[in-house]
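Notes follow the structure.
There are 2 protein chains.
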Amino acid sequence: MQTIQQRFKVEYNYAVFFTENLFDTKNPLLQDFFNEYTEQGFQRKALVIVDEGFAQYHSDLSNQIHSYFAASVSHIQLAPEIINVPGGEACKNDPALFDSLVEAVDTYGIDRHSFIIAIGGGAVLDLVGYAAAVSHRGIKLIRIPTTVLSQNDSGVGVKNSINFRGKKNFLGTFAPPVAVFNDLTFLRTLDDRDWRGGVSEAIKVALIKDTSFFDWIETNTTAIVNRDEKAMAYLIHRCAEMHTDHIAGGDPFEFGSSRPLDFGHWAAHKLEFLTGFQVRHGEAVAIGIALDCVYANKIGQLADEDLSRILDVLGRLGFDLFHPKLSENDKINLRNGLNEFREHLGGRLTIMLLEKIGKGIEVHELDADIIAQSVDYLEGTKIIHAL
Amino acid sequence: MQTIQQRFKVEYNYAVFFTENLFDTKNPLLQDFFNEYTEQGFQRKALVIVDEGFAQYHSDLSNQIHSYFAASVSHIQLAPEIINVPGGEACKNDPALFDSLVEAVDTYGIDRHSFIIAIGGGAVLDLVGYAAAVSHRGIKLIRIPTTVLSQNDSGVGVKNSINFRGKKNFLGTFAPPVAVFNDLTFLRTLDDRDWRGGVSEAIKVALIKDTSFFDWIETNTTAIVNRDEKAMAYLIHRCAEMHTDHIAGGDPFEFGSSRPLDFGHWAAHKLEFLTGFQVRHGEAVAIGIALDCVYANKIGQLADEDLSRILDVLGRLGFDLFHPKLSENDKINLRNGLNEFREHLGGRLTIMLLEKIGKGIEVHELDADIIAQSVDYLEGTKIIHAL
Ligand SMILES: NC(=O)c1ccc[n+]([C@@H]2O[C@H](COP(=O)([O-])OP(=O)(O)OC[C@H]3O[C@@H](n4cnc5c(N)ncnc54)[C@H](O)[C@@H]3O)[C@@H](O)[C@H]2O)c1
Ligand SMILES: NC(=O)c1ccc[n+]([C@@H]2O[C@H](COP(=O)([O-])OP(=O)(O)OC[C@H]3O[C@@H](n4cnc5c(N)ncnc54)[C@H](O)[C@@H]3O)[C@@H](O)[C@H]2O)c1
Ligand SMILES: [Zn+2]
Ligand SMILES: [Zn+2]
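So the sequence lines, in the order shown, correspond to chains A and B.
Using our numbering, you'd call the opening residue of the first sequence number 1 and step up by one each time.
Using our numbering, you'd call the opening residue of the second sequence number 1 and step up by one each time.
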């Protein structure tokens, strides 16, 4: 019998909106978005799930959302309960939380043409995104990121995940949202660590792809440290744009093994794990970038001047560039990190290093001794602000 | 700040192969397939998961697979353990089984560029497919279906799922395989119920799309009942082809709410549930088709002659056309089925009915009284072979 050759394409598109005061009834953005969904015979619903770490600063949020829907989006039926989930990495470690979200989908009759609206940091967006992606094989997801990192990186992309028995991001899917709403005012309540944290992802894309963006960040470190919202708005927009461009231009669902946007991430993932997530993702990425830049310099790939500019920007932003866990156990722990990274990505080990500021280059192996020397170097820099 | 408009396409392709004696070292099919995966620097692995209901008839299977890989696919590293899972619907109800598969992915270091090979009926393929799809955000899946239904329908498509707290297919994803291998000889050990079961899916596609295929089935009912392998091979191939064509031609990941291939399925899903899955999927689909055809006839859409040909073919194949659970509780149970179906599909209720043999037509409501009359009609036909 003749072989059947199956072949098809699936198209995705979604907008990333930038706004302020999203749930103010005077802001028509959400209303306009939902007005695209008014087919006859459909009763679409929406279930809102909020990061508690965000909600605690917005005690009126639930009322605001209900008022907004009542006034401006009355054709979408809001589930009566707005669900709060604990924020931060912990929520990705708790399978009961995942189950409770799937239960809520069932309880409130949220179907494939209804919406799940996730409001929160990257961790909550990852958890809710995963629950939405697998319930009924995929409910429409709206992301409302509330941290710098989720507004400029995780929230605008196509991935979600939870941890499985301590293994970071072990379960997940590729599942684009139907829209992302970045509200600048939501960032006001972030502590300095999370305000700064997401900046490392901007430095990451700038370093591998865009010299002038790195120059801009270098010029604006003080404004960023002083929580200048205009500077941050620009940084987030440019970073989000570079991420979405990269996804669309390349291999959105990562069928290959090249992942340039994971520059600095192999050591970062391991460090998050080694510190029980005390070092947060963005902070770990800053250290991971520093480590791989020192490494690139040591193997003669990255000029001294570029290295010192990079470490200087990271330091002035307030990032630590070293953590004692990096050198524990004769570096054996960190060394495992490379293998785990390869395994999670699959296939051949592919690590992005820098050739110069604005230009990355992929390599397929790292030397363990030079990694160890790079760790020692970072320990020596003494850029450790707050152990 | 300017809205970012994200837009991209993801391309999928895979072959459905038809063969006999797949694991015979003289059969080069699998070897040829894996020879496409020989990049330098990759160490790809494969983890095999087998339906116990199939394995019990193939006590030598594990040895055969190990020998085949050793002889012909030595560049792929086979995980030492071949994992057995219980077959049938039960495996989709047990979350511990899902967890154990994800554990195995971790234990054997199966990465995104390695393979999971699922061998079994539709239920096992659904469970394993789901575990593969969400582990590391998607491991390459090879399906080797071992029932008629999985060879001609479920195994060649793009969906997987498990049940969640009794809710059928509540969790799942759209995740195309990288290849499907249909081995005709694997069907020999099926009991008559499962041999027959999958034929209802062929009748389904024939009725909504292809008169001549229905004519062929009508002519060949006796051959099929007598377990003629040549007739079954043709039926499976044509049915698989119509399913894959439909998927590629339309809306592969079902973003819309039209699902013509779910003809006969709204009542079928409910009946499987009402009987605690004692009525199997294919059997329930046969009853669901009968019910919707009687309904279409009662509302004047389907000619008497067509209805009687359809019921006659189903009856001669050995399908029951009625089950007492259909009329229990004043039909209230069955009535809920419509709403659950709408909810699982989402959006507007869309039900495929027949206009004539070979031509379906979608409607957006069904009348509860006429459904009840249709159930009574089926009860009266007395085509109940084996209660
Ligand atoms: N899916 C992806 O592509 C992707 C990419 C990068 C990172 N991530 C994931 O994102 C997570 C990190 O996300 P993150 O950096 O946003 O941190 P986070 O989600 O862990 O949030 C940090 C803390 O900030 C709180 N918070 C959130 N919004 C707040 C606000 N506006 N004001 C005050 N507090 C607020 C949270 O409750 C939490 O306690 C990690 O789990 C990481 O793996 C995912
Ligand atoms: N993913 C999809 O698109 C899709 C489509 C249709 C149906 N399904 C699902 O498929 C499942 C039904 O699949 P099915 O009809 O293949 O039945 P099944 O998987 O339930 O298998 C029926 C029985 O046959 C046994 N078996 C399997 N192969 C055998 C063989 N060669 N010899 C002897 N026994 C064998 C199994 O162990 C089981 O006991 C349902 O869960 C249904 O929801 C999925
Ligand atoms: Zn990151
Ligand atoms: Zn079916």
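Note that beta-carbon positions come from the ideal geometry of N, C-alpha and C, so glycine has one too.
Since the structure is predicted, the reported quantities are computational estimates derived from the model, not experimental observations.
Worksheet item: Is it the case that the CB of residue 285 of chain B approaches a heavy atom of ligand 6 more closely than 6 Å?
Response: This structure does not include ligand 6; its bound ligands are ligand 1, ligand 2, ligand 3 and ligand 4.
Worksheet entry | Uninterrupted alpha helix (DSSP H) stretches inside the segment 229 to 310 of chain B (no shorter than 4 residues) | Complete alpha helix (DSSP H) runs here, min 4: 229 to 249, 265 to 274 and 281 to 298.
Worksheet item: residue 12 of chain B: buried (16+ other C-beta within 10 angstroms of its C-beta) or exposed?
Response: With 16 or more Cβ atoms within 10 Å of its Cβ, residue 12 of chain B is classed as buried.
Discussion item. Less than 6 Å separating the Cβ of residue 58 of chain A from some heavy atom of ligand 1?
Written reply: Not one heavy atom of ligand 1 sits closer than 6 Å to the Cβ of residue 58 of chain A.
Worksheet item: residue 53 of chain B: buried (16+ other C-beta within 10 angstroms of its C-beta) or exposed?
Response: Flag for residue 53 of chain B reads buried.
Worksheet item: For residue 194 of chain B, is the beta carbon positioned less than 6 Å from some heavy atom of ligand 2?
Response: Distance from the C-beta of residue 194 of chain B to the nearest heavy atom of ligand 2 is below 6 Å.
Worksheet item: Mind checking residue 63 of chain B: buried by the 16 CB within 10 Å criterion, or exposed?
Response: Exposed, by the Cβ-count rule.
Worksheet entry | Listed by chain order, chain A residues near residue 241 of chain B by CB distance under 7 Å | In chain order: 4.
Worksheet item: With DSSP run on the structure shown, which of helix, strand or coil describes residue 133 of chain A?
Response: Reduced to three states, the DSSP call for residue 133 of chain A is helix.
Worksheet item: Is it the case that the Cβ atoms of residue 137 of chain B and residue 337 of chain A are separated by a distance below 7 Å?
Response: No, these two residues do not count as a Cβ contact at 7 Å.
Worksheet item: How big is the Cα-Cα spacing for residue 252 of chain A and residue 218 of chain A?
Response: Going by the C-alpha atoms only, they are around 30 Å apart.
Item to complete: Compute the distance between the beta-carbons of residue 132 of chain B and residue 89 of chain B, then report whether it is under 7 Å.
Response: No.
Practice prompt. Give me the Cα-Cα distance between residue 366 of chain B and residue 193 of chain A, rounded to the nearest whole angstrom.
Written response: Residue 366 of chain B and residue 193 of chain A: Cα-Cα distance of roughly 58 Å.
Practice prompt. Using a Cβ-Cβ cut-off of 7 Å, state whether residue 143 of chain A counts as contacting chain B.
Written response: Not one chain B Cβ lies under 7 Å of residue 143 of chain A.
Practice prompt. Would you list the residues sitting across from residue 388 of chain B in a DSSP beta bridge?
Written response: In the structure displayed, chain B extends from 1 to 387; residue 388 of chain B sits before or after that span and is not available.
Item to complete: Verify the CB distance criterion: does residue 248 of chain B have a CB-CB separation below 7 Å to chain A?
Response: With 7 Å as the cut-off, residue 248 of chain B counts as an interface residue toward chain A.
Discussion item. Once DSSP output is grouped into helix, strand and coil, what is the label at residue 204 of chain B?
Written reply: The DSSP-derived three-state label of residue 204 of chain B is helix.
Worksheet item: Which residues, in order along the segment 251 to 281 of chain B, keep a beta-carbon less than 8 Å from a beta-carbon of chain A?
Response: If the cut-off is 8 Å between Cβ atoms, the segment 251 to 281 of chain B has 252, 253, 254 and 257 near chain A.
Worksheet item: If you run the structure through DSSP and keep just helix, strand and coil, what is residue 386 of chain B?
Response: Unreliable positioning characterises residue 386 of chain B in this predicted model, as indicated by a pLDDT of 48, which lies under 50. A coordinate reading is not provided.
Worksheet item: Since residue 133 of chain A meets chain B, which of its residues come closer than 8 Å, beta carbon to beta carbon?
Response: By Cβ distance, chain B contributes 173.
Worksheet item: Where does the unbroken beta strand (DSSP E) through residue 362 of chain A begin, and where does it stop?
Response: Its beta strand (DSSP E) spans residues 359 to 363.
Worksheet item: If you draw a straight line from the C-alpha of residue 316 of chain A to the C-alpha of residue 202 of chain A, how long is it?
Response: Roughly 15 Å separates the two Cα atoms.
Worksheet item: Does residue 1 of chain B have its Cβ less than 7 Å from a Cβ in chain A?
Response: It does: the Cβ of residue 1 of chain B has a partner Cβ on chain A nearer than 7 Å.
Worksheet item: By the 10 Å Cβ neighbour count, where 16 or more other Cβ atoms means buried, how is residue 350 of chain A classified, buried or exposed?
Response: Residue 350 of chain A counts as buried, since at least 16 other C-beta atoms from the protein chains shown sit within 10 angstroms of its C-beta.
Worksheet item: What is the DSSP secondary structure of residue 151 of chain B, counted as helix, strand or coil?
Response: DSSP, read as helix, strand or coil, puts residue 151 of chain B in helix.
Discussion item. Spatial neighbours of residue 379 of chain B within its chain, please: C-beta separation below 7 Å, excluding the five flanking residues on both sides.
Written reply: Here residue 379 of chain B has 322 and 327 as same chain residues with Cβ atoms under 7 Å from its own Cβ, once five neighbours each way along the sequence are excluded.
Worksheet item: Relative to ligand 1, is the shortest distance from any of its heavy atoms to the C-beta of residue 350 of chain B smaller than 6 Å?
Response: No - ligand 1 has no heavy atom lying nearer than 6 Å to the Cβ of residue 350 of chain B.
Discussion item. Given 6 Å as the limit, tell me if residue 251 of chain B has its C-beta closer than that to any heavy atom belonging to ligand 2.
Written reply: With a threshold of 6 Å, the Cβ atom of residue 251 of chain B does not count as near ligand 2, since no heavy atom of the ligand is closer than that.
Fill in: Cβ neighbours of residue 157 of chain B in the same chain (closer than 8 Å, five flanking residues each side left out)
243, 244 and 247.
Discussion item. Suppose you measure from the CA of residue 318 of chain A to the CA of residue 146 of chain B; what does that come to, to the nearest Å?
Written reply: The straight-line gap from Cα to Cα measures roughly 60 Å.
Item to complete: Put residue 333 of chain A into one of helix, strand or coil per three-state DSSP.
Response: It is helical.
Discussion item. Please return the same chain residues whose Cβ sits closer than 8 Å to the Cβ of residue 77 of chain A, not counting the five positions on each side in sequence.
Written reply: Within the same chain, 43, 44, 45 and 46 come within 8 Å of residue 77 of chain A by CB-CB distance, once the 5 residues on both sides are set aside.
Item to complete: For chain B, find out if any of its Cβ atoms is closer than 7 Å to the Cβ of residue 335 of chain A; answer yes or no.
Response: Not an interface residue.
Practice prompt. Measure the alpha-carbon distance for residue 183 of chain A versus residue 105 of chain B and round it to whole angstroms.
Written response: Spanning the alpha carbons of residue 183 of chain A and residue 105 of chain B requires a straight line of approximately 39 Å.
Worksheet item: Does any CB atom of chain A fall closer than 7 Å to the CB of residue 27 of chain B?
Response: It does not: the Cβ of residue 27 of chain B has no partner Cβ on chain A nearer than 7 Å.
Worksheet item: According to a CB-to-CB cut-off of less than 8 Å, which residues of the segment 3 to 24 of chain A neighbour chain B?
Response: Going along the segment 3 to 24 of chain A in chain order, one finds 3, 4, 5, 6, 7, 8, 9, 10, 11, 12, 13, 14, 15, 16, 17 and 18 with a Cβ nearer than 8 Å to chain B.
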